[in-house]
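First up is the structure itself, then whatever we jot down about it.
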Amino acid sequence: MEDSILFVGCGNMGSALVRGLCRDNWHKKFRFLLLDQATEKAKNLASSLNLEWVENLNNLKSSPRFVFLAVKPKDVEKALLSLRNFSQSVFVSVAAGVKIQNLEEFIPQKAIVRIMPNLCVEVGEGVVPVCFSSVVEVEEREDLLFLFSSLGWVFEAEEKDLDLFTALSGSGPGFIALFIEALADGGVKIGIPWETSLKIATQTVLGVASLLKTRGIHPAQLKNWVASPGGTTIAGIKKLEEGAFRGLVMEGVEEAYKRTKNIGEEGKK
Ligand SMILES: NC(=O)c1ccc[n+]([C@@H]2O[C@H](COP(=O)([O-])OP(=O)(O)OC[C@H]3O[C@@H](n4cnc5c(N)ncnc54)[C@H](OP(=O)(O)O)[C@@H]3O)[C@@H](O)[C@H]2O)c1
Numbered sequence: 341m342e343d344s345i346l347f348v349g350c351g352n353m354g355s356a357l358v359r360g361l362c363r364d365n366w367h368k369k370f371r372f373l374l375l376d377q378a379t380e381k382a383k384n385l386a387s388s389l390n391l392e393w394v395e396n397l398n399n400l401k402s403s404p405r406f407v408f409l410a411v412k413p414k415d416v417e418k419a420l421l422s423l424r425n426f427s428q429s430v431f432v433s434v435a436a437g438v439k440i441q442n443l444e445e446f447i448p449q450k451a452i453v454r455i456m457p458n459l460c461v462e463v464g465e466g467v468v469p470v471c472f473s474s475v476v477e478v479e480e481r482e483d484l485l486f487l488f489s490s491l492g493w494v495f496e497a498e499e500k501d502l503d504l505f506t507a508l509s510g511s512g513p514g515f516i517a518l519f520i521e522a523l524a525d526g527g528v529k530i531g532i533p534w535e536t537s538l539k540i541a542t543q544t545v546l547g548v549a550s551l552l553k554t555r556g557i558h559p560a561q562l563k564n565w566v567a568s569p570g571g572t573t574i575a576g577i578k579k580l581e582e583g584a585f586r587g588l589v590m591e592g593v594e595e596a597y598k599r600t601k602n603i604g605e606e607g608k609k
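Take 341 as the starting number for the sequence shown in this note's numbering and just add one per residue.
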């Protein structure tokens with residue numbers, strides 16, 4: 341077995357994982373091999389990071405140590421069938437909603453790890469819940485947890501909870517990007533040029549997240565510090581609450597969770 345990692349699927353998540361791991365120089369410890377059925381994606385990512393891309397799996401002489409599977413849930417079965425020969429590899433799947441039990445049907449040795457990262461892994465600020473199948477050996481677990489630690493906050497989770505995390509941290513960057521866009525649009529509405537407004541909105545969200553994390557305080561406490569009596573912030577908050585801002589965000593998370601469970605069901609068909 342070779343000390344290599346094969347990345348299958350170099351789309352949004354696959355490329356974020358590769359970039360995140362390269363930031364901490366893991367490509368100098370392992371041989372990174374990139375594969376995508378849309379060959380240009382693997383080629384472009386490989387050339388931007390000076391990595392190798394794989395045109396044909398038959399060109400690989402031995403099992404990679406780890407195989408990262410970052411294809412859409414509907415494409416998992418076909419991808420795994422093409423990887424069956426790698427009997428000694430440990431498979432790491434990021435596919436939302438596709439359970440270890442379903443993945444095991446296509447992988448003879450059943451050494452499977454499910455992770456549910458988000459796109460922030462690219463900058464080492466992701467959330468990475470991890471779930472190991474029982475046959476993954478202790479040494480492999482430890483090595484993978486160390487590897488994942490380059491991607492952000494890593495924690496072991498029960499598989500039943502992964503769908504919950506998919507809705508919160510997996511979809512979360514989409515919700516927050518929408519909020520930042522809306523905040524920046526608000527700036528434009530009152531006369532700030534878009535580029536400046538976007539920079540201010542992005543830095544504000546980054547600063548608030550960092551402050552909450554560093555101080556370990558409840559968000560309501562920070563809100564109260566900002567909202568002085570009869571002031572500007574409380575006037576803005578009143579308007580947001582008239583539109584049921586918090587209820588709507590909560591419903592968004594709930595809707596994402598329902599959809600994750602549906603995707604899992606579709607993946608079994
Ligand atoms: N994006 C996120 O924020 C996020 C968050 C958490 C989890 N995930 C999970 O990550 C996985 C990938 O999502 P994504 O957003 O990165 O999708 P994506 O951008 O569509 O990337 C998937 C890539 O895999 C390729 N592919 C499909 N079947 C293949 C095969 N058999 N062999 C090699 N390559 C193959 C696709 O090619 P084609 O374009 O030709 O189909 C595409 O380039 C999904 O299972 C998703 O649930 C994503």
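Positions of the beta carbon are idealized from the N, C-alpha and C atoms, including for glycine.
Since the model is a prediction, treat every value here as computed from it, not as a measurement.
Taken from the Cβ of Q377, at least one heavy atom of ligand 1 lies inside 8 Å. Just so you know, the alpha carbons of G354 and Y597 end up roughly 22 Å apart. The beta carbons of L423 and S433 sit about 11 Å from each other, so the pair does not count as a contact at 8 Å.
Contact fails between the segment 455-473 and the segment 411-429, because fewer than three Cβ pairs, one in each stretch, are under 8 Å apart.
The closest heavy atom of ligand 1 lies 8 Å or more from the beta carbon of K439. Each of E606, T554, G527 and G556 was checked against the Cα of T542, and the nearest Cα belongs to G527.
By the C-beta density criterion, S511 is buried, having at least 16 other C-beta atoms within 10 angstroms.
Within the segment 421-462, the beta strand (DSSP E) runs of at least 3 residues that lie entirely inside it are, in chain order, 430-433 and 452-455. Relative to ligand 1, the beta carbon of V411 is positioned inside 8 Å of a heavy atom. Rounded to whole angstroms, the gap between the alpha carbons of L420 and I452 is 12 Å.
Excluding its 5 nearest sequence neighbours in each direction, P513 has C-beta neighbours in its own chain below 8 Å: N458, L459 and C460, listed in chain order. Apart from sequence neighbours up to five positions away, the residues of its chain that approach T379 with a beta-carbon distance below 8 Å are W393 and E395, ordered along the chain.
Distance from A410 to F347 at the Cβ level is roughly 7 Å; contact confirmed, criterion being Cβ atoms closer than 8 Å.
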